[in-house]
Amino acid sequence: MAVSEKIKEYMERASWIRKMFEQGIELKSKFGPDKVFDFSLGNPNLEPPEKVKQAILEVIEDRRPGKHAYMPNAGLKETREAVANFLSKEHGMKLTWEHVIMTCGAGGGLNVALKTLLDDKDEVIVLTPYFVEYLFYINNHNGIGQLVNTNEDFSLDLKAIEAGTNEKTKAIIINSPNNPSGRVYDEPSLISLGKILLKMREKYDCTVYLLSDEPYSKLVYDGIRVPSVFKAYPYSLVITSYSKDLSLPGERIGFVAVNPEMKNWRQVVDGLTFCNRILGFVNAPALMQRILPRLQGVTVDIREYQRKRDLLSRGLSDAGYSFIMPEGAFYLFPKSPIPDDVLFVQTLLQENILAVPGMGFGTPGFFRLAYCVEDRVIEGSMEGFRRAIQKYLP
Ligand SMILES: Cc1ncc(COP(=O)(O)O)c(C=O)c1O
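With our numbering as the guide, the letters of the sequence shown map in order to residues 2 to 395.
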C-alpha cells in the first residue's frame, strides 16, 4: 500500500469534498456552466482591488537585486513592521515587528502554531460547526481534537467549553466570523472565555493558548466589528491571511501575531519562526510580503458581499428556509428542512444546486452555501431552492 493507512482513512473521510467537486464538473459539462448554481466553495469571486495589482507592478519594476532570495524565516522586517503597526491600531495595544510572523496563508499559520505548541496527545478544543481542515491540522502535529458544541445560535457555549477542558488541553481554536455559520463572537463572550482559560491556569497549572483563526475578520456587515482577542486573554494568537479580504487565496500569504502581553511571547515567537522553517514553508512568499506594506487597511468592496448576503437570505427566507443572519464571512448555514442533510443536499443537486452538507462541519441537519458567487448564480438558483424545500413541506 503506497498511501499510509491513516491518510487513506482521512482521504475517505474528506471524500465528500471531492465528490461535490466532481459532481459539479459533471453537471456543468452536462447542462452548461450557466445552468449550474455552485455554492460549494469559499473561493472569493471578487477580483483583488486595483491597488494590489498596482503594488505588484511597482515591486516588479524595482530592479534592486535579491528580491527573490531566501530571507529570515519569520519574514521581512518592513512587512512585519507594517502589519504590527496596523494591528496596534486595531487592537488598541502596542505590537512591534517581533510579534508578527509571516506565513503561507492562515492554513500555514495554523499548522505552524499547532506544531509550536503541541506535545503528543495534547488536546485542542474545536467548536462545532468547524472549518473542515482543523482536525487534520491538529493530527498533523500529533494532537487530539476535542469537539465542543456552540449554542443553537452558534454563539460560544461557555459552559460546554469549560466542561470540555482538562489538564491535557493545550489550545482552543476559535473562528470568528465563522465558517460556516457567519457568526461573530461578541466582546462579553470573549472576555468570559478569557476568564475561563485563566481559571484553567490556576486549576491545572498549565496554559491554554487561544488560537483565533480570523481570515474573515474584515468581512463583517451592518457596522459590526470583530472584538479583539488580545484584549480578552493574554495567551492568545491571531492567525489570519489576505486570502479572503484581498481575494488572494492562491498567493498563500498570511501571518500569526502573538499577544504582546503574553508572558513568554518571545519563546513562542522563536518556536513559530523555527516551525515555519522545519515544516518546509521556510518563509512566506517574498513577492506577496513586499506588496503588503502598501496595502494595510485595503480590502475588496465588502458592501458587495453584504449585498449578496441580503439577496440570498431574502430569497431563501421567502422560500421558507430558516437560518441565523450571518454577521460576517461569505457563508450562509441554513437548517435542512429534513434531519438528513446529505439527502437534502442530494435534493438540491437535482435542481443543479451545489451545497455542502452540515455533517462535513460536524453539524448535521444544516447545509452550507458559499455566496462569494456572481449574482446570476444566486438569482438563477431561487426556483430550485423553492422546489427543493416544497418536496418536504407538510
Ligand atoms: C475558517 C478558515 N480558516 C482558515 C482558512 C484557510 O485560509 P488560507 O487560504 O489563508 O490558508 C479558511 C479557508 O477557507 C477558512 O475558512
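In this text, a Cβ means the ideal position worked out from N, Cα and C, and glycines have one as well.
Values in this document were obtained by computation on a predicted structure and should not be read as measured data.
Closest Cα partner of residue i within the set the options
{"i": "THR80", "options": "VAL101, ILE61 and HIS69", "result": "VAL101"}
{"i": "TYR138", "options": "SER156, GLY109, ASP154 and GLU163", "result": "GLY109"}
{"i": "PRO286", "options": "GLY366, MET72 and GLU124", "result": "MET72"}
{"i": "PHE1", "options": "ASN44, TYR11, ALA75 and GLU23", "result": "What the structure shows of the chain is the stretch from 2 to 395, and residue 1 is not part of that stretch, so it cannot be assessed."}
{"i": "GLY281", "options": "GLU153, CYS105, ARG267 and GLY33", "result": "CYS105"}
{"i": "ARG387", "options": "GLY321, VAL269, TYR210 and ASN265", "result": "GLY321"}
{"i": "PHE22", "options": "PHE40, VAL239 and GLU153", "result": "PHE40"}
{"i": "THR170", "options": "VAL185, GLY144 and LEU194", "result": "GLY144"}
{"i": "LEU159", "options": "VAL133, GLU168, GLU134 and LEU128", "result": "LEU128"}
{"i": "TYR372", "options": "ASP342, PRO335 and PRO395", "result": "PRO335"}
{"i": "TRP17", "options": "VAL343, SER382, ASP376 and LEU394", "result": "VAL343"}
{"i": "ASN167", "options": "LEU194, HIS142, GLU124 and PRO189", "result": "GLU124"}
{"i": "LYS122", "options": "ASN140, LEU58, PHE324 and LEU191", "result": "ASN140"}
{"i": "ALA56", "options": "ARG295, GLU6 and MET12", "result": "ARG295"}
{"i": "TYR222", "options": "HIS142, GLY255, SER193 and ARG304", "result": "ARG304"}
{"i": "THR241", "options": "ALA107, LEU349 and ASN265", "result": "ALA107"}
{"i": "ILE354", "options": "LYS29, ILE8, GLU13 and TYR11", "result": "LYS29"}
{"i": "THR151", "options": "TYR135, ILE126 and VAL133", "result": "ILE126"}
{"i": "PRO34", "options": "SER382, PHE368 and LYS232", "result": "SER382"}
{"i": "ASN265", "options": "PHE87, GLU252, LEU238 and PHE362", "result": "LEU238"}
{"i": "SER398", "options": "GLN391, ALA233 and ARG14", "result": "No answer is possible for residue 398: the residues shown for the chain start at 2 and end at 395."}
{"i": "LEU288", "options": "VAL37, LEU58, ALA83 and GLY165", "result": "LEU58"}
{"i": "LEU96", "options": "PHE231, ALA3 and GLU252", "result": "PHE231"}
{"i": "TYR36", "options": "TYR135, GLU384, ILE279 and ARG64", "result": "Looking at the sequence provided, one finds Lys at residue 36 rather than Tyr. Among TYR135, GLU384, ILE279 and ARG64, the Cα nearest to that of LYS36 is on GLU384."}
{"i": "ILE254", "options": "ASP271, ILE225 and LEU293", "result": "LEU293"}
{"i": "VAL299", "options": "GLU13, PHE87 and GLU27", "result": "PHE87"}
{"i": "LYS309", "options": "ASP271, VAL378 and ILE279", "result": "VAL378"}
{"i": "GLU262", "options": "MET94, GLY165, MET103 and GLU188", "result": "MET94"}
{"i": "GLN297", "options": "GLU10, GLU82 and LYS78", "result": "GLU82"}
{"i": "ARG14", "options": "GLU153, LEU136, MET103 and GLU188", "result": "LEU136"}
{"i": "GLU153", "options": "ILE325, ASP206 and GLU188", "result": "ILE325"}
Through-space distance from residue j to residue i, alpha-carbon basis
{"i": "TYR306", "j": "GLY183", "result": "12 Å"}
{"i": "THR208", "j": "LEU199", "result": "8 Å"}
{"i": "ASP302", "j": "ALA70", "result": "33 Å"}
{"i": "HIS92", "j": "LEU148", "result": "29 Å"}
{"i": "ASN196", "j": "SER156", "result": "The sequence shown places Lys at residue 196, not Asn. Taking the straight line joining both Cα atoms gives about 17 Å."}
{"i": "ILE162", "j": "PRO365", "result": "20 Å"}
{"i": "GLY25", "j": "TYR236", "result": "43 Å"}
{"i": "ARG202", "j": "TYR131", "result": "25 Å"}
{"i": "ASN74", "j": "ARG19", "result": "33 Å"}
{"i": "PRO228", "j": "TYR186", "result": "8 Å"}
{"i": "ARG267", "j": "ALA258", "result": "12 Å"}
{"i": "ILE174", "j": "ARG291", "result": "29 Å"}
{"i": "GLY67", "j": "SER244", "result": "26 Å"}
{"i": "ASN284", "j": "GLY76", "result": "6 Å"}
{"i": "TYR393", "j": "GLN351", "result": "14 Å"}
{"i": "ASP376", "j": "ALA172", "result": "40 Å"}
{"i": "PHE256", "j": "PRO338", "result": "39 Å"}
{"i": "ILE8", "j": "HIS142", "result": "14 Å"}
{"i": "SER323", "j": "TRP98", "result": "45 Å"}
{"i": "ASN46", "j": "VAL374", "result": "5 Å"}
{"i": "VAL84", "j": "LEU370", "result": "32 Å"}
{"i": "PHE32", "j": "PHE38", "result": "11 Å"}
{"i": "PHE367", "j": "TYR210", "result": "30 Å"}
{"i": "PHE362", "j": "VAL133", "result": "6 Å"}
{"i": "SER213", "j": "LEU191", "result": "11 Å"}
{"i": "PRO340", "j": "VAL346", "result": "11 Å"}
{"i": "GLY398", "j": "SER5", "result": "With the chain covering 2 to 395 only, the question about residue 398 has no answer from this structure."}
{"i": "GLY329", "j": "ALA3", "result": "42 Å"}
Counterpart residues of residue i in DSSP-defined beta bridges
{"i": "GLY255", "result": "THR104 and SER242"}
{"i": "PHE368", "result": "PRO358"}
{"i": "ILE197", "result": "In the DSSP output, where bridge partners are listed per residue, ILE197 has none listed."}
{"i": "GLU124", "result": "ILE145 and THR170"}
{"i": "ILE175", "result": "SER213"}
{"i": "ASN140", "result": "Beta-bridge pairing links ASN140 to no other residue."}
{"i": "ASP39", "result": "LEU355"}
{"i": "TYR186", "result": "Per DSSP, none; premise fails for TYR186."}
{"i": "THR129", "result": "ASN150"}
{"i": "VAL4", "result": "For VAL4, which the question treats as bridged, DSSP gives no partner whatsoever."}
{"i": "VAL378", "result": "According to DSSP, VAL378 bridges with nothing at all."}
Do three or more CB pairs link the region 208-225 to the region 178-189 at distances below 8 Å?
yes
Are at least three pairs of beta-carbons, each pair with one atom in the region 271-280 and one in the region 112-119, less than 8 Å apart?
yes
Would the region 308-327 and the region 351-358 be scored as touching if the rule is three or more Cβ pairs under 8 Å?
Contact between the region 308-327 and the region 351-358 is absent, because fewer than three Cβ pairs lie under 8 Å.
Let me know the beta strand (DSSP E) ranges lying completely inside the region 54-109, each 3 residues or longer, listed in chain order.
101-104
Stretch-stretch touch, CB-based, cutoff 8 Å, three pairs: the region 237-254 with the region 44-54:
Contact between the region 237-254 and the region 44-54 is present: three or more C-beta pairs spanning the two stretches fall below 8 Å.
Which ranges would you report for the alpha helix (DSSP H) in the region 267-322 if only whole runs of at least 4 residues count?
287-292 and 303-320
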